[in-house]
Amino acid sequence: QVALKKMPLHKRSRKELVVNEILVMKENRHPNIVNYIDSYLVGEDLWLVMEYVDGGTLTSVLVRVFIEERMIAAISRE
1 QVALKKMPLH KRSRKELVVN EILVMKENRH PNIVNYIDSY LVGEDLWLVM
51 EYVDGGTLTS VLVRVFIEER MIAAISRE
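When the letters of the sequence shown are read in order and numbered with UniProt numbering, they come out as residues 1 to 78.
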């Protein structure tokens with residue numbers, strides 16, 4: 001399974017940040033990070049293909065669950 005992320009480029013003022021995000025995702029492989037698979041430019045939209053991770057977005061988890069600062073620090077060190 002894969003996850004797709006659609007990024008409308010016409011809404012982005014700094015397109016170089018999108019390119020940088022892709023480069024960072026391509027170069028970094030870690031079991032605790034969602035892995036980049038591929039990307040496609042379709043019209044004005046960039047479609048990112050990434051590894052599917054069950055459980056929702058990081059934002060949705062952070063909204064539902066309070067995480068203490070020391071736990072965030074430990075997770076970040078991983």
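Backbone N, C-alpha and C fix where the C-beta goes; we use that ideal spot for every residue, glycine too. Just so you know, these numbers come straight off a predicted model, no measurement behind them.
- By the Cβ neighbour-count rule, Tyr36 is buried, with 16 or more other Cβ atoms within 10 Å of its own.
- In the three-state scheme derived from DSSP, where H, G and I count as helix and E and B as strand, Glu51 is classed as strand.
- Distances from the CA of Gln1 to each of Met71, Val65, Glu51, Glu27 were compared; the closest alpha carbon is that of Glu51.
- DSSP places Ile37 in the strand class (E or B) of the three-state scheme.
- Excluding five sequence positions before and after Glu68, none of the CB atoms of its chain fall closer than 8 angstroms to its own CB.
- Ranked by Cα distance from His10, the first of Leu41, Arg29, Arg64 is Leu41.
- In the DSSP assignment, Leu4 falls within the beta strand (DSSP E) that extends over 2–8.
- Taking C-beta separations shorter than 7 angstroms and ignoring five residues to either side along the sequence, the partners of Leu46 in its chain run Met7, Leu9, Val18, Ser39, following chain order.
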